[in-house]
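Input: a single structure, listed below in structure tokens.
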Amino acid sequence: MNPSILYAVITLAVIGAGSGAILYWVASKFKVEEDPRIDTVAEALPQANCGGCGYAGCRNFAEAIVKTGSLDNLFCPVGGDEVMKRIASILGLEAPTMQPMIAVVRCNGSFQNSPSKFHYDGVKSCAFAHITFTGEGGCPFGCLGQGDCERACSFDAIHINPKTGLPEVNDKCTACGACVKACPRNIIEMRPKGKKDRRIFITCMNQEKGAIARKNCEAACIGCNKCVKECRFDAITVSNNLAYIDPHKCTLCRKCVEVCPTNCILEVNFPPRKRTTQSDSPAEITA
Amino acid sequence: MLKTFKKGGVHPHENKFSANSPIQPIDPPQKIFVPLSQSLGAPSKPVVKKGDEVKAGDILATGESFISSYLHSPVSGKIENIDDFIDVSGYRKPAIFIEVTGSEWNASVNLSDELKEDITLEGASIIQKVKEMGVVGLGGATFPTHVKLMIPQGKKAELLIINGVECEPYLTSDHRLMLEKPREIITGTRILMKALGVTRAIIGIENNKPDAINLLSKHASSYPGIEVCPLRVKYPQGGEKQLIQALTGREVPSGKLPIEVGCIVQNVGTAFAVYQAVQKNRPLVERVVTVTGTNVLHPSNFLVKIGTPVSALLEKAGWQPEKAGKVIAGGPMMGKALLNADVPIVKGTSGILVLNGKESLRPKVQPCIRCAQCVSACPMGLEPYYLARVSEVEKFDLAENGAILDCIECGSCQYICPSARPLLDHIRLGKLKVNQIIRSRNQ
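Just so you know, the protein sequences line up as chains W and R, in that order. Going left to right, the first sequence walks through residues 103 to 389 as the numbering used here numbers them. Going left to right, the second sequence walks through residues 4 to 446 as the numbering used here numbers them.
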């Protein structure tokens, strides 16, 4: 055997062992002390990295929880109560409870209700369309239908329906809030999921006076106050010609839906009424 | 070799159909509406109320905040209302609605066409006059002229540049004005020189308007400070910074104004409006508007009262609504498509362009092939493909570092792109967001 091969092997072995020793020493000397609980908490999180909690990713959120040592104002909307309970038990804290939320689309300016007056030929981006013009239907508050919310969603939970031109939320929604941030017109709102998944909300954001709003859209809220008078629980308020239903006060009695002259109050997941009334077009959306 | 700016630029088809059509005045219809926000800066504050009788030239609204302008009545009539109208983007903006009864002028306005060359006013009073007569930059950006004439402390203007470039394809309103009112423009230039206290002025005109160059050179020859400089035809030479570079070789530093290099740029239309304001006491209530395009049977230049609806002009020029695809306010490169033809002509409307159905549509967008033609075309030396991409993926810090705010939105990148990518759309959105970020950072 050629001795030079042997020398090479020995030299490499010595260098390797020496470097290993140095690395070991450096690693132990400059070790970053990290709370081991961060890893356990991070593992308990859903790992969606959606940013719904307000932090960049699940690990940042875990760090924040462990560092502050309390769960005040910290909530993982994707994991919900179950995950928060698990985290609370790891840290020996009390778990906060929050109503399960879901995104709802507060516009009913479908192609049928708000027919296209113009043809938009620009970039497929709501943010750009918003600074360029009012939208194909002409409503300055309505959905632009270019799908910024769809692209922002990492859970496959919101899609533009090609028949209506409006986004629809399905039950994959985790209430991370990405679509709410993406919408340049603030049409998407986070609302409590409600008992048995039942919800009632106003599907309009138009703050113009009734007559002007109706020119562009048949399903616009005209601020007529009929629903306010009908509601016995003070759940509905009208400001800037636009009604709003407070989800915490609403008892889901559906009285307001019946009186709305423009059908802009939407009820979701309710059984059909006994005496069938005219609730045709808004039922197309199953938000 | 003719002068031009150094970096970038494109040369679209000129299509100056209306170059030989003389300016014809157009009668205002029964009802006009004057938008309150017609210049850059704060909207004007109305001083009239419902039911008031006004004469042409009476003040409708004042603009006393720093960047704002006065508005005058273009007609005599009765104020019908101060209400919202639907603007070019479809949003609702306030306007003064006037029922037209005639064209009786305010007595202080000198209505004669006689040329008045002696300048009696002094510097500061010229600026005051320009302000009171509501003169704004007529090149398109509508920056209030009196603000531009007030030189900030510590700076010194040495050169006035009059912009007769009209580099946008199709538009001919400045061209016709130079041919029909050359002596008034020269006088307006002299007034501006006096207001600024400069001894030199250059009128820059692109070489595709030889008749205007000859005519203005002839009239300018009797004034030693004023020279006319022909320029090579290249878009966007009418951009302030490009014109300064073409004529003087100086480059305006990033984020700074032309006064940084001692220049002030005014449009020929503005020079004419200044002449009328100072010499004739006539406020800016009408302007020359080109109505053109392949859809229009008689491409023409009209002298239009501010507030006249676009539809009145289109009918006069013989448009074919059934064939029309897009009606654009301004030129094809920087103009904005109208949502309805009932919007009024404002101080900044230099032209109305009607394109036929097919030619008005955008070509199909294809992937970027990294050919860098947009980089070569950018007159500001930016990287449009990069700025568009980082704006698209919302990396606004990278966009800011890439000097996105230096973009003049000329559209050369989008015009030259072989993949028809909507570069400028993304860059515009990016500029808006970067501006918002900077504003929130400064708070």
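By construction, the Cβ of each residue, glycine as well, lies at the ideal position given by its N, Cα and C atoms. If you're wondering where the values come from, they're calculated on a predicted model, not measured in any experiment.
Residues near W:D151 by beta carbon distance below 7 Å, same chain, minus five either side: The residue you asked about is not Asp; residue 151 of chain W is Asn in the sequence shown. So the list reads G159 and C160, once near-sequence residues are dropped.
Beta-carbon proximity of R:S72 to R:K58, cut-off 8 Å: no
DSSP state of R:G354 mapped onto helix, strand, coil: strand
Integer Cβ distance of R:V281 from R:K434, believed to fall under 8 Å: Not confirmed; about 36 Å, so no contact.
Chain R within 8 Å of W:P217, Cβ atoms only: no
Residue of R:D116, R:W322 and R:K151 minimising C-alpha distance to R:V268: R:K151
For R:A217, the nearest candidate out of R:V78, R:L427 and R:C232 (CA to CA): Strictly speaking, residue 217 of chain R in this sequence is Asn, with Ala absent from that position. The shortest C-alpha separation from R:N217 is found at R:C232.
Proximity test, Cβ basis, 8 Å: W:F243 and chain R: no
Paired residues, beta bridge with R:G105 - DSSP: R:S79
Below-8 Å beta-carbon distance, W:A144 vs any chain R residue: no
Alpha-carbon spacing of W:Y346 relative to R:A249, whole angstroms: 58 Å
Beta-carbon contacts of R:E135 that lie in its chain and below 7 Å, excluding the five residues immediately before and after: Y73
Beta-carbon proximity of R:K326 to R:N284, cut-off 8 Å: no
Residue-level contact to chain W via CB, R:G93, 8 Å cutoff: yes
Chain-ordered neighbours of W:I233 on chain R, where CB pairs are closer than 7 Å: L432 and L435
Beta-carbon proximity list for R:L180, same chain, < 8 Å, skipping 5 on both sides: I26, I188, V271, G272, F275 and V291
Start and end residues, alpha helix (DSSP H) containing R:V454: Since the first and last residues shown for chain R are 4 and 446, residue 454 of chain R lies out of range.
Opposing strand residues paired with R:I216 [DSSP bridges]: DSSP lists no partner for R:I216.
CA nearest to the CA of W:A231, picked from W:S216, W:S218 and W:G247: W:G247
Contact set for W:F177: own chain, Cβ-Cβ below 8 Å, skip 5 residues either direction: C155, M186, P198 and M200
CB contact flag (W:C241, W:C319, <8 Å): yes
Nearest to R:S303 (by Cα), restricted to the options R:N18, R:G11, R:M4 and R:K9: R:N18
Chain W contact for R:L317 (CB, 8 Å cutoff): no
Residue of R:E403, R:P421, R:F69 and R:R424 minimising C-alpha distance to R:I440: R:E403
For W:V330, three-class secondary structure by DSSP: helix
Check whether R:L5 and R:R253 have beta carbons under 8 Å apart: no
Counted within 10 angstroms of its Cβ, other Cβ atoms place R:M336 as buried (16 or more) or exposed: buried
The region 159–189 of chain W: positions lying closer than 7 Å to chain R by Cβ: none
Cβ-based contacts, 9 Å cut-off: residues of the region 357–373 of chain R near chain W: S363, L364, R365 and V368
3-residue-minimum beta strand (DSSP E) runs that sit fully inside the region 156–213 of chain R, ordered along the chain: 162–167 and 203–209
Residue-chain proximity (R:L342, chain W), Cβ-Cβ < 8 Å: yes
Contact belief for W:R301 with W:M203 at Cβ below 8 Å, rounded distance in angstroms: Going by Cβ atoms, the distance from W:R301 to W:M203 rounds to 11 Å, so no, they are not a contact pair.
Host beta strand (DSSP E) of W:E270 (start-end): L268 to V271
Buried versus exposed call for R:G11 [16 or more other C-beta atoms within 10 Å across all chains shown]: buried
Expected contact under 8 Å - CB spacing of W:F243 and R:L342 to nearest Å: At roughly 16 Å, the Cβ-Cβ gap does not stay under 8 Å, so W:F243 and R:L342 are not in contact.
Range covered by the beta strand (DSSP E) that runs through R:G360: Note, R:G360: premise wrong, no beta strand (DSSP E); not H, not E.
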